[in-house]
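Remarks on the structure that follows.
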Amino acid sequence: MSSVKLFATATLLEEVCRQTNDPPACMKFLGHHPLIAKADLAGIAHHIVEYASTSAKHTKFKNHYLMLRERDHQLKRRLSECESHYEYAERYLGFAAHELEKGEYENFHDSGGQVYESAQLCEGAITAQPGGYESPLTLNNQILEVLGSCIAVLGNMLFAAKRI
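Using full-length UniProt numbering, you'd call the opening residue of the sequence shown number 1 and step up by one each time.
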């Protein structure tokens with residue numbers, strides 16, 4: 001597997017984050033991660049898939065807990081919808097890990113997009129009008145969106161590096 005090294009003033013992670021949908025959030029969530037800071041492009045991708053998988057599992061558990069405790073039937077229904085979105089994200093993160101291992105970077109990119117979309121759909125389900133709620137999962141969804149966006153960007157970068 002090829003690795004890409006950038007010899008500008010930016011670190012490799014900064015270059016990845018710069019191409020995501022939310023560069024400041026990307027650096028906020030990933031900039032402190034010591035393994036990512038020292039990794040090559042494929043290593044960053046591997047660590048981000050692991051982080052996203054852990055985050056999706058944790059968020060699904062949190063959502064389930066909130067759903068069980070919720071008394072408002074409308075919000076409970078919206079949280080239930082999120083549960084299926086998190087299951088979908090977990091499934092696509094499993095695909096992403098497999099695609100990364102096999103060097104199928106275009107599919108890896110697509111899996112990242114599906115993770116991003118799953119988090120967005122959950123957040124939208126909770127906050128949608130009429131009768132939208134303040135989401136108790138906004139930060140969790142933002143993290144999954146950023147990680148999904150990173151996976152998509154990394155898929156493009158790895159595909160480009162493979163062609164060199």
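In this text, a Cβ means the ideal position worked out from N, Cα and C, and glycines have one as well.
CB residue i to CB residue j, shorter than 8 Å?
i: residue 250; j: Gly148; result: Only positions 1 to 164 of the chain appear in this structure, which leaves residue 250 out of reach.
i: Glu81; j: Ala125; result: yes
i: His109; j: Ala152; result: yes
i: Lys76; j: Leu137; result: no
i: Thr20; j: Val115; result: no
i: Ile48; j: Leu139; result: no
i: Leu144; j: Ala42; result: no
i: Glu14; j: Lys60; result: no
i: His85; j: Ser118; result: yes
Return the first residue and the last residue of the alpha helix (DSSP H) that residue i is part of.
i: Asn21; result: From DSSP, Asn21 is part of no alpha helix (DSSP H); its letter is neither H nor E.
i: Tyr65; result: 41-69
i: Ser84; result: 73-102
i: Ala37; result: 34-38
Quick one: grab the DSSP three-state call for residue i.
i: Ile164; result: coil
i: Ser135; result: coil
i: Gln120; result: helix
i: Gln129; result: coil
i: residue 166; result: Here the chain covers residues 1 to 164 and nothing more, so residue 166 does not appear.
With respect to 7 Å, is the separation between the Cβ of residue i and the closest non-hydrogen atom of the ligand SAH below this value?
i: Met67; result: Looking at this structure, you won't find the ligand SAH or any other ligand, since it has none at all.
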